[in-house]
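Visitor:
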Amino acid sequence: MKRVFSGVQPTGDVTIGNYLGAIKRFVELQDTTEAFFSIVNMHAWTIPQEPDVLKQKTLSLAALYLAVGLDPDKTTIFVQSDVPEHSELAWYLQCMTYIGELGRMTQFKEKGEGKETVSVGLYTYPALMAADILLYQTELVPVGDDQKQHLELTRDLAERFNKRFGEAFKVPEPLISEFGARIMGLDDPTKKMSKSAPSPYNRITLADTPDEIRSKIMKSVTDTENEIRYDPERKPGISNLLTIFSLFSGETVDQLVARLQGKGYGTLKKELVEVVVGHLQPIQERHRQILESGELASVLRQGGERARQEAAKTLQAVKEKMGLMV
Ligand code: ATP
Ligand code: LTN
56 MKRVFSGVQP TGDVTIGNYL GAIKRFVELQ DTTEAFFSIV NMHAWTIPQE
106 PDVLKQKTLS LAALYLAVGL DPDKTTIFVQ SDVPEHSELA WYLQCMTYIG
156 ELGRMTQFKE KGEGKETVSV GLYTYPALMA ADILLYQTEL VPVGDDQKQH
206 LELTRDLAER FNKRFGEAFK VPEPLISEFG ARIMGLDDPT KKMSKSAPSP
256 YNRITLADTP DEIRSKIMKS VTDTENEIRY DPERKPGISN LLTIFSLFSG
306 ETVDQLVARL QGKGYGTLKK ELVEVVVGHL QPIQERHRQI LESGELASVL
356 RQGGERARQE AAKTLQAVKE KMGLMV
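Under the numbering used here, the sequence shown has 77 at position 22, and the numbering climbs by one with no breaks.
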């Protein structure tokens with residue numbers, strides 16, 4: 056079985072972009088692969104956090120992993136900071152990463168832009184992400200389109216290390232779906248939907264109430280025509296709504312366009328509200344039950360132990376190759 060690793064940061068509320076681009080795909084992979092899914096809380100500290108809020112978001116994201124259908128008997132679910140091997144390998148990898156490589160990362164440029172101070176952690180973060188992936192001899196990394204560049208750096212680092220010191224890492228492949236890997240903002244369909252965009256009208260979160268979902272979809276930015284057609288270049292708003300609709304309902308975009316032809320944007324939006332609310336309500340219900348049940352503590356403890364076992368094997372080999380075991 057192929058090894059899979061992916062992580063989501065416990066910052067902000069998980070959006071339907073995170074869900075459709077990444078988390079929903081984790082669930083599809085759990086039966087056919089050996090997967091590790093992490094709540095990457097150390098990454099969260101690349102920007103300032105409130106400790107109490109971070110703790111609560113970490114548990115909430117772990118509960119969400121279970122609520123969408125991840126099964127701890129099939130996959131390893133763990134909190135990144137429970138496995139100290141991540142930061143240790145990250146240090147060794149940082150020493151093999153060039154300043155120029157990190158400076159080219161678009162996520163760093165975007166998140167650092169306009170800020171008075173930017174932490175060193177935000178800059179070196181791709182080396183920590185590479186460590187996350189390489190520790191588990193990962194072959195496949197399911198992510199959204201925005202992580203492509205970080206995956207390329209991870210591959211370069213694995214190859215660089217293997218060439219210099221001998222095989223220690225598998226070289227991982229990104230698993231980015233052709234459809235849905237980049238859900239766009241509802242308020243501006245030319246930019247990706249983001250947890251951290253200033254306006255709540257940018258995104259639908261998995262915690263939104265039916266009224267919030269309705270209001271956000273009905274107000275979403277489209278265009279001045281009234282023709283339902285899939286054309287991401289010329290009609291990014293409508294195309295984004297059709298993509299979301301298709302991924303939630305299972306109807307193809309062609310089927311949707313044919314069925315809704317001539318009915319106008321209002322009908323498309325109203326139907327989409329029903330589909331999204333219908334899909335999210337059971338997840339929200341399970342999320343609430345899991346948080347109340349207290350079952351998370353043992354799931355995360357076992358996941359952390361299992362992850363540590365695997366991570367320690369890789370780290371040991373790395374340290375031997377680097378002359379660090381004396
Ligand atoms: P921010 O938008 O604040 O940078 P984020 O949502 O990108 O946060 P993560 O929580 O780490 O950051 O993302 C988790 C996963 O969701 C990643 O695999 C990422 O590629 C994917 N993802 C994020 N936004 C989208 C989107 N708009 N469409 C599809 N996938 C997405
Ligand atoms: N960088 C990612 C989150 C992330 C991740 C990972 C994804 C951290 N470590 C390892 C896949 C594999 C983000 O910002 N979306």
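Just so it is clear, CB atoms sit at the ideal spot from N, CA and C, and this is done for glycine as well.
Since we're looking at a predicted model, the values are computed, not measured.
Taking the C-alpha atoms as reference points, what is the distance between residue 268 and residue 58?
Guide: Numbered from its first residue, the sequence shown carries residue 268 at position 213. Numbered from its first residue, the sequence shown carries residue 58 at position 3. When rounded, the distance between both Cα atoms is 36 Å.
Visitor: From residue 258 to residue 155, what distance separates their C-alpha atoms?
Guide: Sequence index remark: in the sequence shown, residue 258 carries index 203 (1-based). Sequence index remark: in the sequence shown, residue 155 carries index 100 (1-based). Cα to Cα, residue 258 sits roughly 33 Å from residue 155.
Visitor: What's the call for residue 153, buried or exposed, on a 16-neighbour Cβ count within 10 Å?
Guide: By 1-based counting over the sequence shown, the position of residue 153 is 98. Classification for residue 153: exposed.
Visitor: Label residue 66 either buried or exposed according to how many other C-beta atoms from any shown protein chain fall within 10 Å of its C-beta, with 16 as the threshold for buried.
Guide: Residue 66 sits at position 11 when you count from the first residue of the sequence shown. Label assigned to residue 66: buried.
Visitor: Less than 8 Å between the CB atoms is what I'm expecting for residue 376 and residue 220, so what's the real figure, rounded?
Guide: Within the sequence shown, numbered from 1, the residue matching residue 376 stands at position 321. Within the sequence shown, numbered from 1, the residue matching residue 220 stands at position 165. Indeed, because the Cβ distance is near 4 Å, the residues count as touching under 8 Å.
Visitor: Just checking residue 169 against ligand 1 - is the residue's beta carbon closer than 7 Å to any of the ligand's heavy atoms?
Guide: Position 114 of the sequence shown, counted from the first residue, corresponds to residue 169. Result no, Cβ not under 7 Å from ligand 1.
Visitor: Would residue 164 be called buried (16 or more neighbouring beta carbons within 10 Å of its own) or exposed?
Guide: Numbered from 1 along the sequence shown, position 109 holds the residue referred to as residue 164. Residue 164 should be labelled exposed.
Visitor: Residue 305: buried (16+ other C-beta within 10 angstroms of its C-beta) or exposed?
Guide: For this step, residue 305 is matched to residue 250 along the sequence shown. With fewer than 16 Cβ atoms within 10 Å of its Cβ, residue 305 is classed as exposed.
Visitor: Looking only at DSSP bridge pairs, what is residue 94 linked to?
Guide: Position 39 of the sequence shown, counting from 1, holds the residue named residue 94. Note: residue 94 sits in a beta bridge opposite 63 and 134.
Visitor: With DSSP as the reference, label residue 230 as helix, strand or coil.
Guide: Stepping through the sequence shown from its first residue, residue 230 is reached at position 175. DSSP places residue 230 in strand when its eight states are reduced to three.
Visitor: Classify residue 237: buried if its beta carbon has 16 or more other beta carbons within 10 angstroms, exposed otherwise.
Guide: Position 182 of the sequence shown holds residue 237. By the 10 Å Cβ count, residue 237 comes out buried.
Visitor: Taking contact to mean 3 or more Cβ pairs, one atom from each stretch, closer than 8 Å, check whether the stretch 109-128 and the stretch 337-345 are in contact.
Guide: Yes, the stretch 109-128 touches the stretch 337-345.
Visitor: How many Å lie between residue 286 and residue 248 at the Cα?
Guide: Position 231 of the sequence shown, counted from the start, is the residue given in the question as residue 286. Position 193 of the sequence shown, counted from the start, is the residue given in the question as residue 248. Their backbone Cα atoms lie some 18 Å apart in a straight line.
Visitor: Under 8 Å Cβ to Cβ from residue 82, same chain only, skipping five residues before and after it: list those, please.
Guide: Numbered from 1 along the sequence shown, position 27 holds the residue referred to as residue 82. Only 123, 124 and 125 meet the Cβ criterion.
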